[in-house]
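Trainee: One line per chain: the protein sequences are A and B, in this order.
Be aware that the first sequence starts at 4, since it is given in my numbering, and climbs by one per residue.
Be aware that the second sequence starts at 4, since it is given in my numbering, and climbs by one per residue.
2 protein chains.
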Amino acid sequence: MTPKSRTARKSARVSADHRERSFDVAYRKLRELIVRGRLAPGSRVVEADIARRLEISRTPVRSALHRLQQEGYVVAYRTTRQARLAVAPLTKEDSHELYWIVGHIEGLAGRLLAQQDADSRARVVERLLAGNAELSKLAQSGGGDPSRIFDLDMGFHQVLVDSAAGPRLSAIHAAIKPQTERYWRLYASAITDQLGKSVEEHARIIEAIERGDADAAERAIQLNWQLGAERLARVIESLGERGSW
Amino acid sequence: MTPKSRTARKSARVSADHRERSFDVAYRKLRELIVRGRLAPGSRVVEADIARRLEISRTPVRSALHRLQQEGYVVAYRTTRQARLAVAPLTKEDSHELYWIVGHIEGLAGRLLAQQDADSRARVVERLLAGNAELSKLAQSGGGDPSRIFDLDMGFHQVLVDSAAGPRLSAIHAAIKPQTERYWRLYASAITDQLGKSVEEHARIIEAIERGDADAAERAIQLNWQLGAERLARVIESLGERGSW
DNA sequence: GACTCCTTTTTTGTATACAATCGCGGATTC
DNA sequence: GAATCCGCGATTGTATACAAAAAAGGAGTC
Numbered sequence: 004m005t006p007k008s009r010t011a012r013k014s015a016r017v018s019a020d021h022r023e024r025s026f027d028v029a030y031r032k033l034r035e036l037i038v039r040g041r042l043a044p045g046s047r048v049v050e051a052d053i054a055r056r057l058e059i060s061r062t063p064v065r066s067a068l069h070r071l072q073q074e075g076y077v078v079a080y081r082t083t084r085q086a087r088l089a090v091a092p093l094t095k096e097d098s099h100e101l102y103w104i105v106g107h108i109e110g111l112a113g114r115l116l117a118q119q120d121a122d123s124r125a126r127v128v129e130r131l132l133a134g135n136a137e138l139s140k141l142a143q144s145g146g147g148d149p150s151r152i153f154d155l156d157m158g159f160h161q162v163l164v165d166s167a168a169g170p171r172l173s174a175i176h177a178a179i180k181p182q183t184e185r186y187w188r189l190y191a192s193a194i195t196d197q198l199g200k201s202v203e204e205h206a207r208i209i210e211a212i213e214r215g216d217a218d219a220a221e222r223a224i225q226l227n228w229q230l231g232a233e234r235l236a237r238v239i240e241s242l243g244e245r246g247s248w
Numbered sequence: 004m005t006p007k008s009r010t011a012r013k014s015a016r017v018s019a020d021h022r023e024r025s026f027d028v029a030y031r032k033l034r035e036l037i038v039r040g041r042l043a044p045g046s047r048v049v050e051a052d053i054a055r056r057l058e059i060s061r062t063p064v065r066s067a068l069h070r071l072q073q074e075g076y077v078v079a080y081r082t083t084r085q086a087r088l089a090v091a092p093l094t095k096e097d098s099h100e101l102y103w104i105v106g107h108i109e110g111l112a113g114r115l116l117a118q119q120d121a122d123s124r125a126r127v128v129e130r131l132l133a134g135n136a137e138l139s140k141l142a143q144s145g146g147g148d149p150s151r152i153f154d155l156d157m158g159f160h161q162v163l164v165d166s167a168a169g170p171r172l173s174a175i176h177a178a179i180k181p182q183t184e185r186y187w188r189l190y191a192s193a194i195t196d197q198l199g200k201s202v203e204e205h206a207r208i209i210e211a212i213e214r215g216d217a218d219a220a221e222r223a224i225q226l227n228w229q230l231g232a233e234r235l236a237r238v239i240e241s242l243g244e245r246g247s248w
């Protein structure tokens, strides 16, 4: 019964014949569970449990877990012949490494973007300005729900990468960047307080891209993430590590 | 018969009870086949074929292929419900993106290294100097077999990463860096001609690390890879793309 | 009570069966 | 001859059975 009774397939979507591979479903759902914190940092991950929970067999779950492990959402301990997996803990050291890596990856994308021709840059700059203006509004009004802020910030960085990065850079960014959301969520309230600073940093990024200054663009993006890591570290320091175990 | 007759296991290594998971064996062997060019760039990769060739079942082969795909050794086309895999082609654009990414990843490691205390740095510098001296000797004598040169160069970069990078940075580097070997091998003769330049660039990296100048160290490492990409691009230009299809 | 040894249970890794999908070639039609 | 459709072999994705390994528990000993 567990793995979706096979006869009941005709009842699936008729029009959008768009059946996703269970592998992808498992990956997406698991990643979401981890990022949203519904799977606690440090907690064991057992293939059979996940399979039951998602109502699929262990096979696609295993594939998804392998990928999540390689990307860093899940870590293995006792890595002898049989691996035991756990949700990656959230620590100050890890957040530091993670933010610096993302800063460098995105910084490289920004460099490539700043090297594009003026027309392409202008189109991107327009979109970046629009997004950052929204953020600025929320920063000044003080309120605004965290998830909206997060979406806007994510959009900003996504535009950077999408408009300049090649397949490799995009893939690395797509694999790593979402992990910053785990830290963001954990300390959301404290971070959104300092939203104004981030908006200001974004403005400098946009300026550098607009005038086609690749070095400056890269440095500005790195600085944004570097300062973000410092802000996060201070919050972690004052609140204590919530997710190490 | 194909998947290793199960009864014949007692005959395996008696002392070193170190049975590697077939998953890991498959990953290692496949990666080696691709890097050494024994699986041609652009050629189809069929699970069952690999399984037969390695004398294991499709299950571990699939796991290995998933990982290789995520790392970029293998690419998927027709990515609808059924993926079809092929060995990643070697192109000028890809080499450019790859080298820049590696330069940034290693550059970050170099930055961290330059920030360590003077004692740690001195120990690392010593190892780097030794390796680079060997390279310099080979560069001046002109001869020297390419694989020795490659090993020395790889060792140099490996020391950089191992002595400073955290788990995430190390993992990314370990996944991506070996792919540069594919390009190296393809144009080995032309590259080794210019070995002297690379040795000189390494020397600047070592200097920066020695005096603890993080910015300079990072820039020097990036420059080494950036110039490497340019040297490679010139060679590809003159010889034509050998592995695109 | 702490330790060791052994048994039982849980969990992972591998092989294999089967179903869904894809791709290619050949037959058919105009 | 070119285009279209059909059907069959090739290939991938999923489920499941089983074996190896690790962990958990329990009896016995000191």
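The beta-carbon is built from N, C-alpha and C at its ideal position, and this holds for glycine as well.
Quantities reported herein were computed from a predicted structural model and do not represent experimental measurements.
(1) Under 7 Å, Cβ to Cβ, is there at least one residue of chain A near E233 (chain B)?
(2) Which of helix, strand or coil does DSSP assign to A89 (chain A)?
(3) Determine the extent of the beta strand (DSSP E) in which A79 (chain B) is found, giving its start and end residues.
(4) Does chain B have any CB closer than 7 Å to the CB of S66 (chain A)?
(5) Between L111 (chain A) and I104 (chain B), which are expected to be in contact by the criterion C-beta below 8 Å, what is the C-beta distance as a whole number of angstroms?
(6) Would Y80 (chain A) be called buried (16 or more neighbouring beta carbons within 10 Å of its own) or exposed?
(7) Suppose you measure from the CA of N227 (chain A) to the CA of L57 (chain B); what does that come to, to the nearest Å?
(8) What alpha helix (DSSP H) runs, 4 residues minimum, are completely inside the region 188 to 233 of chain B?
(9) With a threshold of 16 other CB atoms inside 10 Å of the CB of I239 (chain A), please say whether the residue is buried or exposed.
(10) Is the Cβ-Cβ distance between K99 (chain A) and A223 (chain A) less than 7 Å?
(11) Enumerate in chain order the residues of its own chain whose CB-to-CB distance from R87 (chain B) is below 8 Å, with the five nearest sequence positions on each side excluded.
(12) Please confirm whether G113 (chain A) and L163 (chain A) have their CB atoms less than 7 Å apart.
(13) In terms of DSSP beta bridges, what is V64 (chain A) paired with?
(14) In terms of residues, what are the limits of the alpha helix (DSSP H) holding G40 (chain A)?
(15) Compare the C-beta of G45 (chain B) with all C-beta atoms of chain A and state if any pair is closer than 7 Å.
(16) If you draw a straight line from the C-alpha of K13 (chain A) to the C-alpha of R84 (chain B), how long is it?
(17) For the candidate residues A:Y102, A:A168, A:Q73, whose alpha-carbon lies nearest to that of A91 (chain A)?
(18) Which one of B:S144, B:V127, B:Q225, B:D154 has the shortest CA to CA distance from G215 (chain B)?
(19) Less than 7 Å between C-beta atoms, sequence neighbours within five positions excluded: which residues of the same chain meet that for A178 (chain B)?
(20) Does the separation of the CB atoms of F26 (chain B) and S66 (chain B) fall below 7 Å?
(21) At 7 Å on the CB atoms, spell out the chain B contacts of W103 (chain A), in chain order.
(22) Check each candidate in B:G169, B:T195, B:R124, B:G40 and name the one with the smallest Cα separation from D154 (chain B).
(23) At 8 Å on the CB atoms, spell out the chain B contacts of H69 (chain A), in chain order.
(24) Apart from the five residues on each side of it in sequence, which residues of its chain come closer than 8 Å, Cβ to Cβ, to H160 (chain A)?
(25) Alpha carbon to alpha carbon, how far is I37 (chain B) from A43 (chain B)? Give it in angstroms, no decimals.
(26) Between the beta-carbon of A89 (chain B) and the beta-carbon of G158 (chain B), is there less than 7 Å?
(27) Return the bridge partner residues of V48 (chain B) from the DSSP annotation.
(28) Can you pull the chain B neighbours of E100 (chain A), defined as C-beta to C-beta under 7 Å?
(29) Check the Cβ of G215 (chain B) against every Cβ in chain A and list those closer than 9 Å, keeping chain order.
(30) Identify each residue in the region 73 to 84 of chain A for which the Cβ-Cβ distance to at least one residue of chain B is less than 9 Å, and report them in chain order.
(31) In terms of residues, what are the limits of the alpha helix (DSSP H) holding G145 (chain A)?
(32) Under 7 Å between C-beta atoms, does Q229 (chain B) make it to chain A?
(33) Determine whether the beta carbon atoms of L138 (chain A) and Y186 (chain A) lie at a separation below 7 Å.
(34) Can you name the residues of chain B whose CB is closer than 8 Å to the CB of E1 (chain A)?
(35) Run through chain B and tell me which residues come within less than 9 Å of H160 (chain A), C-beta to C-beta.
(36) Measure the beta-carbon distance from Q225 (chain A) to H107 (chain A) and round it to whole angstroms, keeping in mind my assumption that it falls under 8 Å.
Mentor: Reading it off the structure:
(1) On the second sequence, position 230 is the one that residue 233 (chain B) refers to. Cβ-Cβ to chain A under 7 Å: no for E233 (chain B).
(2) By one-based count along the first sequence, residue 89 (chain A) stands at place 86. In the structure shown, A89 (chain A) adopts extended strand secondary structure according to DSSP, grouped into three states.
(3) As a working mapping, residue 79 (chain B) is identified with position 76 in the second sequence. For A79 (chain B), the uninterrupted beta strand (DSSP E) segment begins and ends at 77 to 80.
(4) Working through the first sequence from its first residue, we reach residue 66 (chain A) at position 63. Judged by the 7 Å Cβ criterion, S66 (chain A) is in contact with chain B.
(5) Residue mapping note: residue 111 (chain A) aligns to position 108 of the first sequence, counting from 1. Residue mapping note: residue 104 (chain B) aligns to position 101 of the second sequence, counting from 1. Approximately 7 Å separates the beta-carbon atoms of L111 (chain A) and I104 (chain B); this is inside 8 Å, confirming the contact.
(6) Residue mapping note: residue 80 (chain A) aligns to position 77 of the first sequence, counting from 1. Exposed, because fewer than 16 other Cβ atoms sit within 10 Å of the Cβ of Y80 (chain A).
(7) For the purposes of this step, residue 227 (chain A) is identified with residue 224 of the first sequence, where counting begins at 1. For the purposes of this step, residue 57 (chain B) is identified with residue 54 of the second sequence, where counting begins at 1. So the two alpha carbons sit approximately 48 Å from each other.
(8) DSSP runs (the alpha helix (DSSP H)) wholly in the region 188 to 233 of chain B: 191 to 196, 198 to 213.
(9) Your numbering for residue 239 (chain A) matches position 236 in the first sequence. With 16 or more other Cβ atoms within 10 Å, it is buried.
(10) Reading the first sequence from its first residue, position 96 is the one you call residue 99 (chain A). Reading the first sequence from its first residue, position 220 is the one you call residue 223 (chain A). According to the sequence as given, residue 99 (chain A) is His; it is not Lys. Not a contact, by the Cβ cut-off of 7 Å.
(11) Translated into positions along the second sequence, residue 87 (chain B) becomes position 84. Excluding sequence neighbours, R87 (chain B) sits near R47, A79, Y80, R81.
(12) Reading the first sequence from its first residue, position 110 is the one you call residue 113 (chain A). Reading the first sequence from its first residue, position 160 is the one you call residue 163 (chain A). Annotated as proximal: G113 (chain A) and L163 (chain A), with beta-carbon spacing under 7 Å.
(13) Indexing the first sequence from 1 puts residue 64 (chain A) at position 61. DSSP, once it has assigned bridges, lists no residue as partnering V64 (chain A).
(14) Sequence index remark: in the first sequence, residue 40 (chain A) carries index 37 (1-based). Taken as a continuous stretch (DSSP letters only), G40 (chain A) belongs to no alpha helix (DSSP H), as it is neither H nor E.
(15) Taking the first residue of the second sequence as position 1, residue 45 (chain B) is located at position 42. Closer than 7 Å: no.
(16) Counting from 1 along the first sequence, the entry for residue 13 (chain A) is found at position 10. Counting from 1 along the second sequence, the entry for residue 84 (chain B) is found at position 81. In this prediction, K13 (chain A) has a pLDDT of 33, which is less than 50 and means its spatial position is unreliable; nothing more can be read from the coordinates.
(17) Taking the first residue of the first sequence as 1, we reach residue 91 (chain A) at position 88. Looking only at A:Y102, A:A168, A:Q73, the smallest Cα-Cα distance to A91 (chain A) is reached by A:Q73.
(18) Position 212 of the second sequence, counted from the first residue, corresponds to residue 215 (chain B). Between G215 (chain B) and the set B:S144, B:V127, B:Q225, B:D154, the nearest pair of CA atoms involves B:V127.
(19) Taking the second sequence and counting its residues from 1, one reaches residue 178 (chain B) at position 175. Around A178 (chain B), the same chain offers E74 as residues with beta carbons nearer than 7 Å, after the five sequence neighbours per side are excluded.
(20) Here the question's residue 26 (chain B) lines up with position 23 in the second sequence. Here the question's residue 66 (chain B) lines up with position 63 in the second sequence. It is a contact, given that the beta carbons lie within the stated cut-off.
(21) In the first sequence, residue 103 (chain A) corresponds to position 100, counting from 1. Result: L111.
(22) Taking the first residue of the second sequence as position 1, residue 154 (chain B) is located at position 151. Of the listed residues, the one whose Cα sits closest to D154 (chain B) is B:T195.
(23) For the purposes of this step, residue 69 (chain A) is identified with residue 66 of the first sequence, where counting begins at 1. Under the 8 Å cutoff, chain B gives S66, H69, R70.
(24) What you label residue 160 (chain A) is simply residue 157 of the first sequence in a count that begins at 1. Excluding residues within five positions, the ones whose Cβ falls inside 8 Å are E109, K180.
(25) In the second sequence, the residue the question calls residue 43 (chain B) occupies position 40. In the second sequence, the residue the question calls residue 37 (chain B) occupies position 34. Cα-Cα distance, rounded: 7 Å.
(26) Residue numbering aside, residue 89 (chain B) sits at position 86 when the second sequence is read from its first letter. Residue numbering aside, residue 158 (chain B) sits at position 155 when the second sequence is read from its first letter. No, these two residues do not count as a Cβ contact at 7 Å.
(27) Counting from one through the second sequence, the residue named residue 48 (chain B) turns up at place 45. Answer is B:L88, bridged to V48 (chain B).
(28) Reading the first sequence from its first residue, position 97 is the one you call residue 100 (chain A). Near E100 (chain A) (Cβ distances below 7 Å), the residues of chain B are G169, R171, L172.
(29) For the purposes of this step, residue 215 (chain B) is taken as the residue at position 212 of the second sequence. Taking a Cβ-Cβ threshold of 9 Å, none of the residues of chain A is close to G215 (chain B); the smallest such distance is about 18 Å.
(30) Listed in sequence order: Q73, E74, G75, V78, R84.
(31) Mapped onto the first sequence, residue 145 (chain A) falls at position 142. Where G145 (chain A) is concerned, there is no enclosing alpha helix (DSSP H), given that its DSSP letter is neither H nor E.
(32) For the purposes of this step, residue 229 (chain B) is identified with residue 226 of the second sequence, where counting begins at 1. Closer than 7 Å: no.
(33) Reading the first sequence from its first residue, position 135 is the one you call residue 138 (chain A). Reading the first sequence from its first residue, position 183 is the one you call residue 186 (chain A). Not a contact, by the Cβ cut-off of 7 Å.
(34) What the structure shows of chain A is the stretch from 4 to 248, and residue 1 (chain A) is not part of that stretch, so it cannot be assessed.
(35) The count along the first sequence starts at 1 and reaches residue 160 (chain A) at position 157. Within chain B, no residue comes near H160 (chain A); the closest Cβ sits about 16 Å away, beyond 9 Å.
(36) On the first sequence, residue 225 (chain A) is found 222 positions in, with the first residue counted as 1. On the first sequence, residue 107 (chain A) is found 104 positions in, with the first residue counted as 1. Their Cβ separation, rounded to whole angstroms, is 6 Å, which keeps Q225 (chain A) and H107 (chain A) in contact under 8 Å.
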